[in-house]
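Enquirer:
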Amino acid sequence: YIKNYMDNLGWSTEVDEFKATTPNLGRLPFRNIIAKLNGGAQRYLTLACHYDSKYTREGDFVGATDSAVPCAQMMNLAAVMKTYLEPLKRTNLSFMFIFFDGEEAFQTWGPTDSIYGSRHLAKKWHEKINTIGSESDITDLDKIDLLVLLDLLGAPDPKFYNYFDNTEKWYHQLMNAEKHLGNLNLFVNSSCNRPKQTYFQPYSIDGGVEDDHIPFVTRNVPILHLIPSPFPKFWHTSKDNRKAISISTTENLNKILRIFVASYFKLKV
56 YIKNYMDNLG WSTEVDEFKA TTPNLGRLPF RNIIAKLNGG AQRYLTLACH
106 YDSKYTREGD FVGATDSAVP CAQMMNLAAV MKTYLEPLKR TNLSFMFIFF
156 DGEEAFQTWG PTDSIYGSRH LAKKWHEKIN TIGSESDITD LDKIDLLVLL
206 DLLGAPDPKF YNYFDNTEKW YHQLMNAEKH LGNLNLFVNS SCNRPKQTYF
256 QPYSIDGGVE DDHIPFVTRN VPILHLIPSP FPKFWHTSKD NRKAISISTT
306 ENLNKILRIF VASYFKLKV
């Protein structure tokens, strides 16, 4: 569905298929989905999330915030901004989405039982060498200008913090976008009826949360991690479903992301 959706929007898509060994189900197939506006670009602003849900014996885990909403937000952004993004099909700085498979652990979270898709893709792209004109050889990882990872989004009243010093300026762009929208009264009241709440906090905290960014940050890819702290109270429970989602909060975050993307690419909107 994700691949077809992005194809229909005019993006160039590919599927990174591989197999990996899990602790309880043996070797399983995984599929990362990559979508680009310009497959020949030299650099990319990259938005990413995971599309798998946590495996449970009961099969009752939906994963609305973890991570259906981030998937929907990225796809919505591509659709709503379609006209404005068209020029990026011809620019050297373009736009890429990654939908990771296998983020969740099958048994116990650890270095070999988690983030299967991102571990595989980061290693693969680190080893793929490209020569661009007269420049030195670069890897596919070098083409990532910034990796923005979305996770655990959709619950009401999230609080975000800056996790990495080298991408602090981009975090400030999110703060500024939120402030701008608030000043224009363009936010929808949250489910808790607090229209003047602040999502993006003016603080930095330790970026020790393990997520799909880990294989990339260890290879020096700049990371902006959009994950709330604390996690939603229903994290990894059967209550992470449609009832847990605040539509108003989700739409407010959508607006912030659109402004961030427009600002990053200096789009005329």
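First residue of the sequence shown? That's 56 in the working numbering, and the numbers climb one at a time after it. Just so it is clear, CB atoms sit at the ideal spot from N, CA and C, and this is done for glycine as well.
Less than 8 Å between the CB atoms is what I'm expecting for Leu196 and His268, so what's the real figure, rounded?
Expert: On the sequence shown, position 141 is the one that residue 196 refers to. On the sequence shown, position 213 is the one that residue 268 refers to. Their Cβ separation, rounded to whole angstroms, is 12 Å, which puts Leu196 and His268 out of contact at 8 Å.
Enquirer: Identify whether Phe219 lies in helix, strand or coil by the three-state DSSP scheme.
Expert: Taking the sequence shown and counting its residues from 1, the one referred to as residue 219 is at position 164. Reduced to three states, the DSSP call for Phe219 is coil.
Enquirer: Should the region 95-106 be regarded as contacting the region 151-160, the criterion being three or more beta carbon pairs within less than 8 Å?
Expert: The region 95-106, when compared against the region 151-160, does touch it at the 8 Å Cβ threshold.
Enquirer: Of all the options Ser284, Ile311, Pro277 and Asn93, which has the alpha carbon lying nearest to the alpha carbon of Thr146?
Expert: The residue you call residue 146 lines up with position 91 of the sequence shown. Considering only alpha carbons, the answer is Asn93.
Enquirer: By the three-class DSSP mapping on this structure, what secondary structure does Val272 have?
Expert: If you number the sequence shown from 1, residue 272 lands on position 217. It is helical.
Enquirer: Across which residues does DSSP place Cys126 in a beta bridge pair?
Expert: Here residue 126 refers to the residue found at position 71 of the sequence shown. The partner list for Cys126 (beta bridge, DSSP) is empty, contrary to what the question assumes.
Enquirer: Around the C-beta of Val124, are 16 or more other C-beta atoms found within 10 angstroms, so that it is buried, or is it exposed?
Expert: Sequence index remark: in the sequence shown, residue 124 carries index 69 (1-based). The residue is buried, with at least 16 neighbouring Cβ atoms inside 10 Å.
Enquirer: With burial defined as no fewer than 16 other Cβ atoms inside 10 Å of the residue's Cβ, what is the status of Tyr171: buried or exposed?
Expert: In the sequence shown, residue 171 corresponds to position 116, counting from 1. With 16 or more Cβ atoms within 10 Å of its Cβ, Tyr171 is classed as buried.
Enquirer: Given Asn131, which residues of its chain have a CB within under 8 Å of its CB, disregarding the five upstream and five downstream residues?
Expert: By 1-based counting over the sequence shown, the position of residue 131 is 76. Here the set comprises Asn309.
Enquirer: Label Val135 either buried or exposed according to how many other C-beta atoms from any shown protein chain fall within 10 Å of its C-beta, with 16 as the threshold for buried.
Expert: In the sequence shown, counting from the first residue as 1, residue 135 sits at position 80. Result: exposed.
Enquirer: For Ile282, which residues from the same chain have a beta carbon less than 7 Å from its beta carbon, with the 5 sequence-adjacent residues on both sides left out?
Expert: Indexing the sequence shown from 1 puts residue 282 at position 227. Around Ile282: Asp206, Leu207, Val264 and Asp266.
Enquirer: Nearest to Arg174 by CA position, among Glu72, Lys234, Trp225 and Gly95, is which residue?
Expert: For the purposes of this step, residue 174 is taken as residue 119 along the sequence shown, with counting starting at 1. Nearest of Glu72, Lys234, Trp225 and Gly95 to Arg174, Cα basis: Glu72.
Enquirer: Give the DSSP-derived three-state secondary structure of Met136 in the structure shown.
Expert: As a first step, residue 136 is located in the sequence shown; it is residue number 81 there, counting from the start. In the structure shown, Met136 sits in coil (DSSP, three-state: anything other than H, G, I, E or B).
Enquirer: Out of Pro270, Tyr258, Phe116 and Leu241, which one is the CA nearest neighbour of Thr304?
Expert: The residue given as residue 304 occupies position 249 in the sequence shown. Considering only alpha carbons, the answer is Leu241.
Enquirer: For Thr273, count neighbouring C-beta atoms within 10 Å of its own C-beta (all shown protein chains included) and say buried if the count is 16 or more, exposed if not.
Expert: The sequence position of residue 273 within the sequence shown is 218, counting from 1. Flag for Thr273 reads exposed.
Enquirer: Candidates Asp168, Leu279, Phe289 and Phe255: which alpha carbon is nearest Leu236's?
Expert: In the sequence shown, counting from the first residue as 1, residue 236 sits at position 181. Ranking the options by Cα distance to Leu236, first place goes to Phe255.
Enquirer: Once the 5 residues before and after Met230 are set aside, which same chain residues still bring their CB inside 6 Å of it?
Expert: As a first step, residue 230 must be located in the sequence shown, where it is residue number 175. For Met230, where only same-chain residues beyond five positions count, the Cβ hits under 6 Å are Phe255.
Enquirer: Taking just the CA atoms, how far does Val117 sit from Phe289?
Expert: Numbered from 1 along the sequence shown, position 234 holds the residue referred to as residue 289. Numbered from 1 along the sequence shown, position 62 holds the residue referred to as residue 117. Straight-line Cα distance between these residues: approximately 11 Å.
Enquirer: Please report the residue range of the alpha helix (DSSP H) in which Thr77 lies.
Expert: Sequence index remark: in the sequence shown, residue 77 carries index 22 (1-based). Premise fails: Thr77 lies in the beta strand (DSSP E), Ser67 to Thr77, not in any alpha helix (DSSP H).
Enquirer: With distances taken from CA atoms, which of Phe215, Ala96 and Pro211 is nearest Asn185?
Expert: For this step, residue 185 is matched to residue 130 along the sequence shown. The option with the nearest alpha carbon to Asn185 is Ala96.
Enquirer: Alpha carbon to alpha carbon, how far is Thr194 from Gly209?
Expert: Working through the sequence shown from its first residue, we reach residue 194 at position 139. Working through the sequence shown from its first residue, we reach residue 209 at position 154. In a straight line, the C-alpha of Thr194 is about 34 Å away from that of Gly209.
Enquirer: What residue from Lys74, Ile260 and Thr120 has the CA that sits closest to Asp156's CA?
Expert: Counted from its first residue, the sequence shown places residue 156 at position 101. The option with the nearest alpha carbon to Asp156 is Lys74.
Enquirer: What does DSSP give as the partner residues of Leu83 in its beta bridges?
Expert: Locating residue 83 in the sequence shown gives position 28, where the first residue counts as 1. DSSP, once it has assigned bridges, lists Ala75 as partnering Leu83.
Enquirer: Go to Thr101, then tell me how far its beta strand (DSSP E) extends in each direction, as first and last residue.
Expert: For the purposes of this step, residue 101 is identified with residue 46 of the sequence shown, where counting begins at 1. From DSSP, the beta strand (DSSP E) with Thr101 extends over Arg98 to His105.
Enquirer: What is the residue span of the alpha helix (DSSP H) that Ser303 lies within?
Expert: Walking along the sequence shown from the start, residue 303 turns up at place 248. Ile302 to Phe320 is the extent of the alpha helix (DSSP H) around Ser303.
Enquirer: Going by DSSP, what residues sit across from Thr194 in a beta bridge?
Expert: Locating residue 194 in the sequence shown gives position 139, where the first residue counts as 1. Ile184.
Enquirer: Quick one, are the C-beta atoms of Asp168 and Ala160 less than 8 Å apart?
Expert: Indexing the sequence shown from 1 puts residue 168 at position 113. Indexing the sequence shown from 1 puts residue 160 at position 105. In this structure, Ala160 lies closer than 8 Å to Asp168 by Cβ.
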